[in-house]
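First the structure, in the form of structure tokens, and then the observations on it.
Chains as they are written, first to last, in this note's numbering: chain A, 1 to 288; chain B, 1001 to 1253; chain C, 2001 to 2395; chain D, 3001 to 3324.
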């Protein structure tokens, strides 16, 4: 592998890792703060992608579609928390896992009933459709760089939100002790509702952002779900920073795994996971 | 004085930047009841947790019969003979009082591989459990589900479970908390009886009880040992009076 | 409706299970002349749901055109959603064979599921018509008198493409596909023809199925700088690959060729990224075949959408079975005669007339197609009456 | 101890009776369906040992089921039937060893994290079989000849024979049930119950909790292996999908659906789950929507699972006099 190729592969790894972080960040937030393992996270990603498709077709503009989609998915998250999850906090984790398991099946079929089972594409907006020449044969689409940029901006925003805002403080407090926060007169129910809506929105947003590149197709949510779980497991419980590091590590392992040991390409990510867990059973970072 | 069983040497434990225990040393002898006094936040519970292995120390040593056990896990310490009770009742709520103690006794004779025999059929465990219940004054409540016992009875069960493991060292974290006066009385006399052939560490707020039963008292303030000695010495210590006894009533918790 | 009967019968039978009762294995609702029982085991949920529906539509269109009859017999349908889940395949196939006592089993899309169905059908001696799955084994080592296929083998379009690319003076080629048997068989078929014609496969790249993170492979292809690239992908993966390939700027420098379904049912999603791509398959748009025009018109009016290759395969599955049924006048008990009629049939397919090989795979023309707008326009016949070598078939 | 679960002897015996005479009267298809249900019941009971009795919510139990199934494939010769004496122990041992190794990793975590790590590890095993040529990759692999039981020259049992197979499964189901019942009354069983109730206290009482949990994990894995072995034998076909996370989710669902920590509930759950699938998939193309709805409803409205339903109904009929 010459240096140019190596650098391009590094870029590929980073780009994949950043997108992975964006998808997984919502999962790790909900997981860390509310203690819910949200198996339906992939479904929200799928939902976002389909929203991007349907709303772009309707409005003709991806950015408008994304804005509408954000509002819609936040609303969906809010309603789900209010209607279902908020009634389960006193129960075992298991019940929440199963609830989200049931939701996966429902969402997938609702998708089939509303949009059908065809594969669809979403157009890249005109202003981002150019490419940058990297080597004599290979160029890099601007939209992919744009995606990475958005992921970085969101990572910074989330870091700021959790570290430096009042909401972030409450979120951090809520994640450690629900009763204590409640006794301080903070409306923990509202915080949970917001966090859940935020998690759903992040997943859906990732789906919308990726839709022009990945296209939309049935079952796409299941594919991202498991890899997101690996991100969270490696990164550590509910740690956004951990998810960031883990996603980049996975991006590297996956990309270079495919190039260097193609016969075991599917396994490299899991070998990485096993190695991390051997070293730290609870992931690299344990808290937000 | 009996043999030195358990000793702390320069034990410390930090939480973040906060020193919960700092350079704590104390000795526990067989046949001696060693009480630890101190205001809330003095680090008494941390000390017990360090000794029992629930918390790993940040520094210092714990010697059990001359052997450094600072790195041992709680279960290993327990099997070696260091039993502890908890400040907050820590039992198996769905089991009967008897089963709580029978299970505790089973820990001495791990029969994990005896998959095909009934747990209830081991006479040695049954008698150990019954003996412990008897000692703690719970024999009459033997077959009551623990969750439905009164608070005081649950405290008694807490002690009975430790006794069922036949320990040589007892680390008791406020065993009298929440007990009625009659139950307290019973517990105090039990402690006196036990202290004959055990090494006991007692963290307790009930001053009267402490001065009545303790052979040695250690007073802790802000994670450090202020003074240690027989009850009379402590009672007359100016330092203790200033820092603690004189400074008004100690906190309840 | 037939579906209704299926359901009623099922509910009764499940009640029987609950009560621990015996269930007569003869059909409960047979009245008058015996209906032919057709078991459709296809994906109706999941990634391949659209394909399952197209095949079902194609099959039913053929029946409708026969006045609600197939080869002169009334038809009763039994459907099972195979979910493209191979783990459930033997059980689902058994459901149709043993529970519903179907006379013919039609399915399916996913090769892994189809292989399992083939095993079950061989064991149970049930008549099976495969309307899509292209795994070579089905009409290779697993061939049997009761196993038929109306689609293609992985080998066929890939082999044809090997010749096409050699003719187009490509010398060094890189291949890329998912790492599963269908992909590997496609690459093997391609390689066989291409290297026989003097070309060289420089590198065979595989990525785990159904992974769609293609970027590292595109980078590697760009570094290898072959004359051309040959790939096999389908469905959502095909869409993403074609778009990624174009976005990486490779399309203009290293021509991309594909076998099979790279551009089928996916053109709307692929957009201009697919424009001009060359692929080989046994069906194409713009065929100058009267049967095709008639079929397309009928399909469009019946289902309010355009047919695709999957619909054609379903349609032909019905036609093939109809030939057999007509020969035995609906008496499916005469299995030998039925099979004989089927294997010697000439199917008047929208793709052009085809016959069956000894291993029961279509001997058919493979078309070279070029993407123009939303169509895979036929360019030429890449291979005339191409027969699968049926390696390993002892029949 | 929570031995307050009263085993309805009569109901158990009646079920056993029905199961043992069913093939004499039922059609082939329903006998096979019942065989499958019994296999899933073994699988669900093995998980119940972890979830219901030890408090370990494993979301990766299908891994052991699948590993045993693949062991059958790898041990079976290509052109001859294998010996039951060899294959069954090999499959169970493979599952147990895998459970031991994975247990060393996952049992170091607790609670919600345990759920995730088991899921991730099972997925890792899934990819081992999915992406390596070991077991036919993503296409799966077939067993040409099913195992048989021979003594000398006489063939006693042929698992390729549906009737033989049915009774082997029934026998193993009963054996698993009895074994688990005995286990739960043993010192180990009591220790596991203690761990479920209060793991921290078990530790301070001197139980090497990790080892006990590992023992439970390995036993549950081995029993899942029994189910996996049977599953491989039933259809003679093994694909990576049998150890996918959906399978882990489904078996967890069976345990919950039936009511966990009762053993009988796991079996009831397996039955209900398979029958629901049968009924729904015959009703509509969008049957998974119905399945999802049922799951959501059970979770929201029926926390104790189906077996709590009988108690609820009874309480309703009796008039709330007893307090469960």
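Just so it is clear, CB atoms sit at the ideal spot from N, CA and C, and this is done for glycine as well.
Inset, instruction - Check whether the stretch 3216-3229 of chain D touches the stretch 3088-3097 of chain D, taking contact to mean three or more Cβ pairs, one atom from each stretch, closer than 8 Å. - result: Taking 8 Å as the limit for Cβ pairs, the verdict is that the stretch 3088-3097 of chain D does touch the stretch 3216-3229 of chain D.
Legend entry - Secondary structure, alpha helix (DSSP H): runs of 4+ residues fully inside the stretch 3081-3149 of chain D: 3084-3106, 3111-3131
Legend entry - Spatial neighbours of residue 133 (chain A) in its chain, beta-carbon cut-off 7 Å, leaving aside the 5 residues before and after: 139
Legend entry - DSSP three-state assignment for residue 160 (chain A), whether helix, strand or coil: helix
Inset, instruction - With DSSP as the reference, label residue 2031 (chain C) as helix, strand or coil. - result: Residue confidence for residue 2031 (chain C) is low, a pLDDT of 42 falling below 50, so the modelled location carries little weight; the figure read from the coordinates is stated next. Three-state result, residue 2031 (chain C): coil.
Inset, instruction - Step through the CB atoms of chain D and report whether any lies within less than 9 Å of the CB of residue 1161 (chain B). - result: Answer yes: the Cβ-Cβ gap between residue 1161 (chain B) and chain D drops below 9 Å somewhere.
Inset, instruction - Note the first and the last residue of the continuous alpha helix (DSSP H) segment covering residue 1007 (chain B). - result: Note, residue 1007 (chain B): premise wrong, no alpha helix (DSSP H); beta strand (DSSP E) at 1004-1015.
Inset, instruction - On the DSSP bridge assignment, give the partners of residue 141 (chain A) in chain order. - result: Beta-bridge pairing links residue 141 (chain A) to A:131.
Inset, instruction - Compare the C-alpha of residue 1145 (chain B) against each of B:1091, B:1135, B:1186, B:1020 and name the closest. - result: B:1091
Inset, instruction - For the beta strand (DSSP E) holding residue 3166 (chain D), just list the boundary residues, first then last. - result: Looking at the DSSP string, residue 3166 (chain D) is not in any beta strand (DSSP E); the run it does join, the alpha helix (DSSP H), is 3162-3185.
Legend entry - Own chain residues within Cβ distance below 7 Å of residue 1052 (chain B), not counting five before or after: 1074, 1077, 1082, 1084, 1171
Inset, instruction - Verify whether the separation of the beta carbon atoms of residue 3139 (chain D) and residue 2086 (chain C) is less than 9 Å. - result: yes
Inset, instruction - Indicate whether residue 2071 (chain C) and residue 2131 (chain C) have their beta-carbon atoms separated by less than 9 Å. - result: Here residue 2071 (chain C) is not near residue 2131 (chain C), since their CB atoms are 9 Å or more apart.
Legend entry - Collapsed DSSP secondary structure at residue 1236 (chain B) in the structure displayed: helix
Inset, instruction - Can you check DSSP and say which residues form a bridge with residue 1029 (chain B)? - result: B:1004
Legend entry - Euclidean distance between Cα positions of residue 1165 (chain B) and residue 3208 (chain D): 14 Å
Legend entry - Own chain residues within Cβ distance below 7 Å of residue 1087 (chain B), not counting five before or after: Closer than 7 Å at Cβ, skipping near neighbours: 1045, 1173, 1174, 1177.
Inset, instruction - Whole angstroms is fine: what's the gap from residue 2146 (chain C)'s alpha carbon to residue 3026 (chain D)'s? - result: 28 Å
Legend entry - residue 1008 (chain B) vs residue 1026 (chain B) beta-carbon contact at 9 Å: yes
Legend entry - Inter-residue Cα distance where the pair is residue 3052 (chain D) and residue 3029 (chain D): 32 Å
Inset, instruction - Starting from residue 3242 (chain D), find everything on chain C with Cβ-Cβ shorter than 7 Å and list it in chain order. - result: Against chain C, the beta carbon of residue 3242 (chain D) has neighbours under 7 Å at 2087, listed in chain order.
Legend entry - Which of helix, strand or coil DSSP assigns to residue 2291 (chain C): helix
Inset, instruction - Count the other CB atoms, across all protein chains shown, that sit within 10 Å of the CB of residue 1154 (chain B); report buried if there are 16 or more and exposed otherwise. - result: buried
Inset, instruction - Give, in chain order, every residue of the stretch 3020-3035 of chain D whose Cβ lies closer than 9 Å to some Cβ of chain C. - result: 3021, 3022, 3024, 3025, 3026, 3027, 3028, 3029, 3030, 3032, 3033, 3034
Legend entry - Length-filtered (3 minimum) beta strand (DSSP E) runs lying within the stretch 2335-2360 of chain C: 2354-2356
Legend entry - Inter-residue spacing [alpha-carbon to alpha-carbon] between residue 3210 (chain D) and residue 3250 (chain D): 27 Å
Legend entry - Segment limits, alpha helix (DSSP H) that includes residue 2984 (chain D): Nothing in the structure corresponds to residue 2984 (chain D), since chain D is present only between 3001 and 3324.
Inset, instruction - For chain B, find out if any of its Cβ atoms is closer than 9 Å to the Cβ of residue 3246 (chain D); answer yes or no. - result: no
Legend entry - Start-to-end residues for the alpha helix (DSSP H) that takes in residue 3230 (chain D): 3209-3235
Inset, instruction - Give the straight-line distance between the Cα atoms of residue 19 (chain A) and residue 148 (chain A), rounded to the nearest whole angstrom. - result: 7 Å
Legend entry - Host beta strand (DSSP E) of residue 1060 (chain B) (start-end): 1059-1064
Inset, instruction - Might you give, ordered along the chain, the residues of its own chain that have their beta carbon closer than 8 Å to the beta carbon of residue 3278 (chain D), omitting 5 neighbours on each side? - result: Here residue 3278 (chain D) has 3033 as same chain residues with Cβ atoms under 8 Å from its own Cβ, once five neighbours each way along the sequence are excluded.
Legend entry - Environment of residue 2175 (chain C) [buried if 16+ CB atoms lie within 10 Å]: It counts as buried.
Inset, instruction - Determine, using beta carbons only, whether residue 2215 (chain C) comes closer than 9 Å to chain A. - result: yes
Legend entry - Residue-level contact to chain D via CB, residue 163 (chain A), 9 Å cutoff: Taking 9 Å as the threshold, the shortest C-beta distance from residue 163 (chain A) to chain D does not fall below it.
Legend entry - Terminal residues of the alpha helix (DSSP H) in which residue 209 (chain A) lies: 188-214
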